[in-house]
Structures are given as C-alpha cells and as structure tokens.
Amino acid sequence: MNPILFWSIAVFVVIAALMVVRLPNIFHAGLSLIATFGGVAAVYAMLDAHFLAAVQVLIYVGAISVILMFAVMLTQHLAQREVRGSMSRHVSGALVAGLFGLFAVIIVNTQQWPSGGLPFKYLQAGDIGKLFLDKNAFLVPFEMVAILLLVALVGAVMVARKEGDR
Amino acid sequence: MAPVGLAHFLTLSVILFCVGLYGVLTRRNAVAILMSLELMFNAVNISLVGFARFMGNEVAASGQMFALFVVAVAGAEATIGVAIVLALYRNFRHINVDEVDLLKW
Amino acid sequence: MVGLTFAADVPAASTETVLALTPDLLGKIWLVPALPLFAFLIIIFFLRRTRMLAALVSIGALTGSFLISAAALMARIQHPHAPPQIWDFNWIVAGPLTIPLGCLVDNQSTVMLVVVTFVGTLIQIYSTGYMNHEPDFGFGKFFSYLSLFTASMLFLVLAPNFVQIYMGWELVGLCSYLLIGFWYYKNSAAQAAKKAFVVTRFGDLGFLMGILLIFHTTGTVMFLGADGALLKMAALAPTQMHLLTIACILIFCGAIGKSAQFPLQIWLPDAMEGPTPVSALIHAATMVAAGVYLVARCFDMFIASPDAAFFVAFIGGFTAFMAATMGVVQNDIKRVMAYSTVSQLGYMFMALGIGTSASFVAGNFHLVTHAFFKALLFLGCGSIIHAVNTNDMWKMGGVRKFMPITHVTFLCGSLALSGIPPFAGFWSKDEILAASWGSPHIILPIFGYVAAFLTALYVSRLYFVTFWGEYRGGDPHAPHDHSPLRDPAPAHDEHHDAHGHDDKPHENPLNMTGPLMILAVFATFLGFLNATPLHIEYFGHFMAPVGMEAHGGEHSALPLILSICIAASGWAVGYALYFKEPEKSEAMLKKQFSVVWRFLENKWYMDDIWAFLLKNTMFLGATACNWFDRYVVDGFFVMGSGKAAYFFGGLLREEHSGKVQQYAMMIVIAVVVVVHGVGVAEPTFVLSPTQIMQHFMKPGGTP
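First to last, the sequence lines map onto chains A, B and C. According to this note's numbering, the first sequence is numbered sequentially starting from 1. According to this note's numbering, the second sequence is numbered sequentially starting from 1001. According to this note's numbering, the third sequence is numbered sequentially starting from 2001.
Structural data, given as structure tokens:
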C-alpha cells in the first residue's frame, strides 16, 4: 500500500490522540476523540477491514462519542477548563507510558514479521454474519455479547438512577 | 522507505496505546479518563486487525471478529463508565478523581 | 549390677594377693554410710519431737557404722598390702561411659572411716548434753542433721571415683550449711551459713572443671588401677605437663574451698556461728579434712607434676602462717580454734605437697591426730561456753577452779596442738617439719616453723587467759550463744537446786565430760602410732603410698630439737605475757603493735578484698548486661522491630491513597516489570527489552 497514505493517516491519528489527552477543555478533547476515531476507521480501511471500518464509525463515532459528550455536558459547564494536575504526576505518567511504549516498540520492531505476501481472505459482511452464526466459530461469543449488552444496559440504569427511586 | 508492513501498524498501535495510557494516568476529569480508555481500546483493535491482515488465512477471520467483539464490549463499558461518572457527580458535585479518595488508609 | 571388683594391676610392693576383707564383710561395707542415712530419715519423719529417742537412734546408727569400720580396719591391718577392694554397682551406664557408685576399701579409706565414725560418735554423745537447752523440735532436728552429715562424709570417704567424691563433697557442703545456720533466726548465723556455702561452691567450680578435664583426657573417672584416672594422668607427665598441672590445680581448688585455704579461708571463722559440736565435727575433724583426703587420694597424680605439688605445698604453708597470725589477736575462743584449724590444715597440705613418702605419711598422720585433738579442743570450748555463757575469753578466767575435768583435757589438747612431746601433735607435726627440710624450697620450713611458734603463742594465750587468773565473768545464766527459743531453763533451775543456789559456773555432766576425757587420752597417746624418731612406724607402714619407699629414711635430730624449742618458746612467751596480768599485757601489745594488730584483727583485710572484687566484677557485669538488655535487646530488637514495622507500614500505607490513577500506574509498572522478568527468564518466549536493545545495538539489528 501507499506509504504516503499510511504515514499521513498515522500522523493524523497520533496527533488527534495527543490532543485528546492534552487539551484542557474537555469538550475540545471530546471532539479530538471523534477525530481519532475517524482516523482509526481509515486505518481499518487501509487494512482491508471495510466492514469493521464502517462499524467503527457507526459505533464509536455515532454512539460512544455521543455518550461521552452527554457525560461531559451533564457533569460540568461547557467552557470550564480542567484543573491541571501536578507536574510530577505528568512527568511520572509520561515516564511510565514512555517506558512501556519504548519497550513495546522495540519488541515489535525486532521481530521477523511476514511481509504482506501471505494469502489473505477478504471478509465481506455476509461472511462475517455467517461466522457469527456458526456454532463452530463465533456463535457462543455472539450470544454472550448480547447478554453482556443487556446487562450493561440494566446496570447503567441501576447505577445512574437517583436514590430512593424504584 | 520500506514497504508498509505489519511492524508499522503494530508500532502505530503501541504509540496510540501509550498515549491513551498517559491520558488515563494523568487526566483529572473522569470523563477524560474514559476518553483515554477508548483510545487504548482502539489501539488494541488496530493491532488485532493488523495481525489479521498480515498473518495469513487462519487468523484472518479471527482477527476481525475479535475486533468486532472488542468494539461491542467497549461500548458496554463506556455506558457503565458514564453511569458511574453520573453517580459520582451526583454525590460529589464534581468529577475530579483526585478528590475522590475516601477509600484510603 | 552389684559386684565385687578388685582394682586390678595396682602396682603393689609385695606379691601378696590375699584379700583383706572377707566377702561377707565387704558386702556389708555399704552399711557404713547407710546406717546414719537411715537414722536421718527415721528421725526426720518420725522422731523429731522425741528428744532422747532421736539422739539414741542417731548415736546408735553411728556406733554401728563405727563397728563395721573398725572391723574393716582390723582386716586391712592384718593384710596391709592386699589390693584395694571395691564393692559397687553401676549407677550410670551410657554407651561407653559407666559410672559406678560404691565403696572403695583400702588403707586410706578405712583409717578415715574409723576416725570419722569414732570422733563423730563421741561428739554426738557430747551433743546430748550441749544442746539440752534446745526445744524438742530443734533437738531432734540437730541429730538428724548430724546423721545426714556423717552419712554424706562416709559416702565421700568411700568413693571409688571422682563422681562419687564430688557428690559427697556437695552433700557435706549442704549439711555444713544446714548446721552452721542451725539457729537460722540469728541473722549472723544465716549469713555465715550462706557465706560458707557460696565460698566452698566457688572452690567446687574448679574441682568440677578438674574432674571434667580428667575425664576428657583419660576417659575414666575411677581412681585406682592401671586404667584408673590417676595413673593415666600421671603418665602424661613427660609429654603434657601443662595439662597435668592444670588438672591438679583445678582439683586442688576444691580442696582450697572445702579446707579453707588461702584465698578461700574466709568462711571458716564465720562458721563458728554454728553450735560448738558442729564446729568440732565438721570444721575441725572431718569435713574440712575432706580436702586433705582428696589430695591424698590423688597423690599419684600430684607428685607427677612438681609444679602442682609445690603449689599445694606453698598454699598450705602460707595458709598455715597466715591463719596462725590471725589467731593471735582473736578474743572469741572458738575463733581462735577456727584459725588454728585453718593453720593446721595448711600444714597437712604442705606435707602432701612436699611429695615424699615420709611427708605423705606425716600429712595423713597429722590429719588423724588433728581430728582428735582439735575435736577435743572444740568440745572443751563448748564445755566452757555452756557453763559461762559467753565466747569471749576476756569474760572468763580462773575457769580451772570450777571446771577441773575440762581444764585438764583442754590442757592435753593445747599441748598436743602446739607440738609438745609426748603429746600426739608433736609426733605428727614434727614429721611434717622434718620433711619440709627435704624440700628444695626454703620457704616451706620457714612458714612451718614460724607458724609453729605462733601456734604455741595463741594456744597458750587462750589457755592462760581462760583458765588462770580471776574469774571476770558476769551472770552465767544470761542468754548468750544459745537458742533464744529455749525452754524456760528448767535444766538450769534443777542444777541450781541440786547445788544449793550456786550462781557460779560449774562443771558439766558426764555426757559432756566423758567424750572430753576419751579424746584427751587419744590426744596424749595416739602419737605413738608413728613416733618415727623412736622407730615406731605402724602408721607409716600402713599408709605409705603404694610403690614408694615405706619410710622416709633417717633424719637428724636437729629438726626435732628445733621444733621442741620453738614450741616451748611459744609457751614461754605466752606464759610471760598472760599468766599474771593478761589484760595489761593485751593492752600493751595492742598499743605497741597497733598497726599490725589491726591488720591481723581485720583478717588481713581479706574479707574486704573479696567483697571489693566481687562487688566490682559483679557490678561491671551487671552494668554490661543492663546496657545490653536495655539498648540491644529492648531498644534494637523489641522497640526496633516495632518501629521498623511502623516505618515500613507507614511507607506502604501511602499506597492506599484512594486515587484510582495511582493504582493504574502501579499496575502498569508491574506489567512492565513482569514482562521484563519473563523475558529474562525465558528469552525464547518473550524477549526482554534490554536483551533486545543489546541486540539492537549490535551491528546487524534483529535477534
């Protein structure tokens, strides 16, 4: 694939992510998050996972970001700036994350990965659907996820309700 | 420049993960922490899809399916997280996690 | 298993193998210590309140022991060169170690048995009179203790090995404690008993170390025989002289303690707090002689080490001299006798230390004669004390007028002690002094002769001040030196009525004067058992150490004449000073020699020196222990561990900040560490980042 494409999308994603974690205004951070999700969808597209890219946009941008924005708006004023944490906190966090990242990057880059020549089956939506309903494939996890979502729904309602309500 | 291979995507995944990690460890607003957490989920997904793409037929389907499941679960998790944040807000009138340290010595 | 064993391979002078004791008699030897022990048990459990019955049981048991001992002695006299016979049973059997308990019958032990039982019987008879002021329970208790003591002493004498002699040693020490502190409510008596026990224990420590050393070196604790400890130790002489010398000196430490030699002589004068029969029996005739008996037993070992032998002789000689100087300034008649005992014991050790056959015989002979005449002297003192109710010689005077029997017997004893012929002490002490001439060390005869002069001096002082002159005493019935809990003196009132309201002191009844008279006979004539200048050497032949010349060879008449002159001059000085006006002489002496007098009166300041040493060492030790306990044990370990726990807990407590992000950071760090660790442990599974970086640094990149 085109290196230029890859690099530009990669840079975009990383910068957007950095903005998410660094912008003091939480609303701006949320917007950056949406941008990140978009970028990640593009990455999926580059990796020939088109269905997943679509799902990414639908779910992450369309639902999860909205939930987070709801949370932002319900819990503080829009223009409020976040109170900055102490410098030592930032330094230690950066150090830890940086160290972890450094190690992981080194590990990743020093393995012998196969180049893109391996046979690759391109999954259509239908293929994915079949896999979901195939009892030897992903049927059980599929049903489990359904239950999980139900539980999450009920749980969220229970956790977030006012005290004393039924 | 070398052809874009699995290593590049994995590196991207790692960087994104670490950025998210930094955010989780550093941000004081609870919702910001949730946002950083979503970043980490996405990073993992990139890595999974990358493996699916580059490691051959056996894992191709598994990788993308796994990523789909991750998306679903991440959604559920975000929901619960927001519910908790709302409950937190109701009790403390703010969501500054540094000041929510009642379960301490 | 009870058995009759014979000390085999004892190098005997003659080739006789006839047994001295018949198996019948030998089988009954164990009764000798057992009878008094039974008497003790019977009296303690049943007869404490019955006065005369308790006394009878005790005296009867000891008489029985005496008869058996006499029979054994007779048997051995008939066959003096027979090998020693042992009746024993195995008490401890532990692998290669076998310790038997039993009775060793040979010339030395039979002589000692007869001395102890005979003198002991006489003293017990005497006690029935002396202790008649005691209440019932005290009277019975006294006889029970006396029986226990004689049982222990006989057990010690009959010991065939070091372990048994040590056991007997400790037992007699216990009995000494019980008897010195008999009137335990008197604080001075209780203190004296404690002092005696502790000081002798001090010596016993050395003794025990010596026994352990001997056992470690030779593997046996038995005395006699070619494979007995003594000969084995003696065989070490050429190669390991130091070991032998140290062992001998350690054993001698026990004797220093028990026989009150320098520097542990401090307990014996204080022990006079006990009743006079106790002083006579234990601290004159028998227990303190146990030290001499021990060294005599181990003679084979001591003579193998000339250094140890000289040590013994020197300590003995020095003690003889030192104690004699202290005896000259005492006012309490019992104290004078106590120092005299210490001094005479010193003579015995000096004799043993000189190491020749003649000196060995002389030392043992002096032990025997001393037992008799010292017991006599003590009982005589007791007789006087019982009559005049005071110990202080300056409150007596003219006693000869109203206590004639006591006077004569006491005079016999005094002459024996100072070594005037033909009394017993002359023959034995003269032998010792003569033998000391044969020693290469000139200091020994010097000690001996000076001490002889002082002996004559203090005993003549005592004699003249007490028995001659005018009676200086007050009311003889004022309470003193007797149990304050005594009955309201019915005995005295009876005496009163019988003598027609006589207020003056009077002679004691026969149960007290009888033993005095018997002992006086022995004190006068016993010496002729071994009057070497007259070539009578029964005792010498009997007691000669096996393997040595049977008698010490001729010696000139010079030592003989010298001793007589010195003794006589001592008496002459005593007469001159104390016959006519004793108080004036005493006062004059005190003024003229005040410094010396004070030095002697304070016992050469030895009590003070010991107190200072012990106090300071104990104080140092106690301070060190206190510091250690306070700062190391308590401060560092106890408080320290608490504080450390608190400190580390405080550090760890910070973990629980309640801050979620901090927990998250901990998790991340942990993951990094774990991955790194797994990579180090199993490089093929996960590569540790540092490994990777190393490969990465190398030219050519990937692993």
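Cβ atoms here follow ideal geometry from the backbone N, Cα and C, with glycine treated the same way. None of the values given here were measured: they were computed from a predicted structure.
Sequence-distant residues of its chain with Cβ nearer than 8 Å to residue i (five each side left out)
| i | result |
| --- | --- |
| residue 2494 (chain C) | Bear in mind that the predicted position of residue 2494 (chain C) carries a pLDDT of just 36, short of 50, making it too unreliable to give a figure here. |
| residue 1007 (chain B) | none |
| residue 2562 (chain C) | 2433, 2449 |
Listed by chain order, chain A residues near residue i by CB distance under 8 Å
| i | result |
| --- | --- |
| residue 2665 (chain C) | 92, 93, 96 |
| residue 2672 (chain C) | 96, 99, 100, 103 |
| residue 1085 (chain B) | 71, 75 |
Candidates the options: closest to residue i by CA position
| i | options | result |
| --- | --- | --- |
| residue 2185 (chain C) | C:2362, C:2212, C:2138 | C:2138 |
| residue 955 (chain B) | A:155, A:158, A:139, A:152 | Here chain B has residues from 1001 to 1105 only, and residue 955 (chain B) is not among them. |
| residue 143 (chain A) | B:1069, B:1088, B:1061, B:1084 | B:1069 |
| residue 2408 (chain C) | C:2383, C:2049, C:2061 | C:2383 |
| residue 2545 (chain C) | C:2028, C:2025, C:2300, C:2129 | C:2300 |
| residue 2306 (chain C) | C:2357, C:2245, C:2585 | C:2245 |
| residue 1095 (chain B) | A:129, A:71, A:132 | A:71 |
| residue 2586 (chain C) | C:2030, C:2285, C:2465, C:2311 | C:2465 |
| residue 2416 (chain C) | C:2376, C:2392, C:2444, C:2111 | C:2376 |
| residue 2428 (chain C) | C:2051, C:2565, C:2371 | C:2371 |
| residue 2149 (chain C) | C:2058, C:2304, C:2164 | C:2058 |
| residue 2534 (chain C) | C:2445, C:2463, C:2426, C:2619 | C:2426 |
| residue 2366 (chain C) | C:2164, C:2325, C:2111, C:2611 | C:2111 |
| residue 1012 (chain B) | A:109, A:124, A:131 | A:109 |
| residue 2260 (chain C) | C:2286, C:2248, C:2657 | C:2286 |
| residue 1957 (chain C) | C:2590, C:2520, C:2289, C:2324 | Here chain C covers residues 2001 to 2703 and nothing more, so residue 1957 (chain C) does not appear. |
| residue 2119 (chain C) | C:2293, C:2649, C:2520 | C:2520 |
Neighbourhood of residue i by C-beta, 6 Å cutoff - its chain only, sequence neighbours within 5 removed
| i | result |
| --- | --- |
| residue 2256 (chain C) | 2203, 2264 |
| residue 2502 (chain C) | Residue confidence is low: residue 2502 (chain C) scores 45 on pLDDT, short of 50, so the model does not pin down where it sits. No coordinate-derived value is stated. |
| residue 2252 (chain C) | 2312 |
Interface residues of chain B facing residue i [CB-CB closer than 9 Å]
| i | result |
| --- | --- |
| residue 2658 (chain C) | 1100, 1101, 1102, 1103, 1104, 1105 |
| residue 2661 (chain C) | 1024, 1025, 1026, 1027, 1028, 1033, 1097, 1098 |
| residue 59 (chain A) | 1071, 1072, 1074, 1075 |
Residue i: contacting residues in chain B (beta-carbon distance under 7 Å)
| i | result |
| --- | --- |
| residue 138 (chain A) | 1065 |
| residue 109 (chain A) | 1007, 1011 |
| residue 72 (chain A) | 1031 |
| residue 34 (chain A) | Within chain B, no residue comes near residue 34 (chain A); the closest Cβ sits about 10 Å away, beyond 7 Å. |
Under 7 Å by beta carbon: chain A residues contacting residue i
| i | result |
| --- | --- |
| residue 2668 (chain C) | 96, 100 |
| residue 1069 (chain B) | 141, 145 |
Cβ-heavy atom distance, residue i to the ligand ATP, below 7 Å
| i | result |
| --- | --- |
| residue 2409 (chain C) | Ligands in the displayed structure: none, and consequently the ligand ATP is not present. |
Own chain, CB closer than 7 Å to residue i, minus 5 neighbours either side, in chain order
| i | result |
| --- | --- |
| residue 2151 (chain C) | 2033, 2036, 2037, 2040 |
| residue 2222 (chain C) | 2160, 2161, 2228, 2229 |
| residue 36 (chain A) | 13, 16, 17, 20 |
| residue 1010 (chain B) | 1047, 1050 |
| residue 2028 (chain C) | 2068 |
| residue 2190 (chain C) | 2181, 2184 |
| residue 2436 (chain C) | 2350, 2354, 2444, 2445, 2448 |
| residue 2331 (chain C) | 2392, 2393, 2394 |
| residue 2206 (chain C) | 2250, 2253, 2254 |
| residue 2107 (chain C) | 2076, 2080, 2542, 2543 |
Amino acids of chain C, ordered along the chain, whose beta-carbon sits closer than 9 Å to that of residue i
| i | result |
| --- | --- |
| residue 985 (chain B) | Because residue 985 (chain B) is not part of the residues shown, which for chain B are 1001 to 1105, the question remains open. |
Should the stretch 2342-2357 of chain C be regarded as contacting the stretch 2317-2333 of chain C, the criterion being three or more beta carbon pairs within less than 8 Å?
-> yes
Of all the alpha helix (DSSP H) runs that stay within the bounds of the stretch 1026-1088 of chain B, which reach a length of 4 or more residues?
-> 1030-1054
Kindly confirm or deny that the stretch 2170-2187 of chain C and the stretch 2210-2219 of chain C touch, where touching means at least three C-beta pairs closer than 8 Å.
-> The count of Cβ pairs closer than 8 Å, one atom from the stretch 2170-2187 of chain C and one from the stretch 2210-2219 of chain C, stays below three, leaving the stretches out of contact.
With a floor of 4 residues, list each alpha helix (DSSP H) that falls wholly inside the stretch 2017-2100 of chain C, ordered by position along the chain.
-> 2023-2027, 2031-2046, 2051-2078
Three-pair Cβ contact test at 8 Å for the stretch 1081-1092 of chain B versus the stretch 150-161 of chain A = yes
Hey, which unbroken runs of the beta strand (DSSP E) at 3 residues or more fall wholly within the stretch 2177-2245 of chain C?
-> none
Alpha helix (DSSP H) segments (min. 4 residues) lying fully within the stretch 2588-2643 of chain C = Runs of the alpha helix (DSSP H) inside the stretch 2588-2643 of chain C: 2594-2601, 2606-2627.
Entirely enclosed alpha helix (DSSP H) segments - the stretch 2110-2164 of chain C, minimum 4 residues = 2136-2157
For the stretch 40-85 of chain A, which segments carrying the beta strand (DSSP E) assignment without a break, of at least 3 residues, lie completely within its bounds, in sequence order?
-> none
With a cut-off of 8 Å, do at least 3 Cβ pairs link the stretch 122-135 of chain A to the stretch 1056-1064 of chain B?
-> yes
Are the stretch 2162-2179 of chain C and the stretch 2193-2200 of chain C in contact at 8 Å, needing three or more beta carbon pairs?
-> At 8 Å Cβ cutoff, the stretches touch.
Three or more C-beta pairs closer than 8 Å, one from the stretch 22-30 of chain A and one from the stretch 93-102 of chain A: is that the case here?
-> Flag = no, the stretch 22-30 of chain A and the stretch 93-102 of chain A do not touch.
For the stretch 2076-2093 of chain C against the stretch 2046-2056 of chain C, are there 3 or more C-beta pairs whose distance is under 8 Å?
-> no
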